[in-house]
Amino acid sequence: MIFDRLWRPPSDAHVIPLRPDHARAMAVLHAEAFARPWSAADLEAMIIDPMIVGDGLFLGRDRQPSGFALSRAVLDEAEILTVVIARRHHGKGFGKTLLAAHLGRIMARGVTDIFLEVEEGNRPAIALYEAFDFLHTGRRESYYVKPDGRRVAAQLMRRSSS
Numbered sequence: 016m017i018f019d020r021l022w023r024p025p026s027d028a029h030v031i032p033l034r035p036d037h038a039r040a041m042a043v044l045h046a047e048a049f050a051r052p053w054s055a056a057d058l059e060a061m062i063i064d065p066m067i068v069g070d071g072l073f074l075g076r077d078r079q080p081s082g083f084a085l086s087r088a089v090l091d092e093a094e095i096l097t098v099v100i101a102r103r104h105h106g107k108g109f110g111k112t113l114l115a116a117h118l119g120r121i122m123a124r125g126v127t128d129i130f131l132e133v134e135e136g137n138r139p140a141i142a143l144y145e146a147f148d149f150l151h152t153g154r155r156e157s158y159y160v161k162p163d164g165r166r167v168a169a170q171l172m173r174r175s176s177s
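Here the sequence shown stands for residues 16 to 177, where the numbers follow this note's numbering.
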């Protein structure tokens, strides 16, 4: 894939399409990362939706994901819905591994424009997206709710290969 040239994954990491039986582990990861987590049932419904592209990051011989990415692809556009890496694996390059594979799968469907929203203060995620040529396109006020109830803005980003 095109992104394989940009990043060499850590040797024990591999990315494969998600299956419905991964939904419970995904819900645990999502709850660790977000104040308003998605349920296993919500995630399972997304995985079986033909418009959703779902990829899991697996380490070694693990049978459950240590991270995942979900996007909705329609015609030549996609929206990244969520990217999650287990907190214990932050800073190890696994986000790049996952995103490179995920973008490759999305683009293999003929997608040329990819959109996302990311919490304004999430500098590691913003840097990751910028490394993959996402550009800032706007800001959405009070989009995310923090665990303490504060509302924070989202940065809108877009990547175009057309």
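Where a beta carbon is used, it is the ideal one built from N, C-alpha and C, also for glycine.
Inter-residue spacing [alpha-carbon to alpha-carbon] between ARG34 and ILE63: Going by the C-alpha atoms only, they are around 8 Å apart.
Would you list, in sequence order, the uninterrupted alpha helix (DSSP H) runs of no fewer than 4 residues that lie entirely inside the stretch 127–152? 138–146
For LYS161, count neighbouring Cβ atoms within 10 angstroms of its own Cβ and tell me buried if that reaches 16, exposed if not. exposed
Are SER177 and THR127 closer than 8 Å when you measure CB to CB? yes
List the endpoints of the continuous alpha helix (DSSP H) containing ASP70. Run containing ASP70: none in the alpha helix (DSSP H); it sits in the beta strand (DSSP E), 67–74.
Measure from the alpha carbon of ILE141 to the alpha carbon of each residue in LEU44, ARG76, LEU114, then state which is nearest. The residue with the shortest Cα to Cα distance from ILE141 is LEU114.
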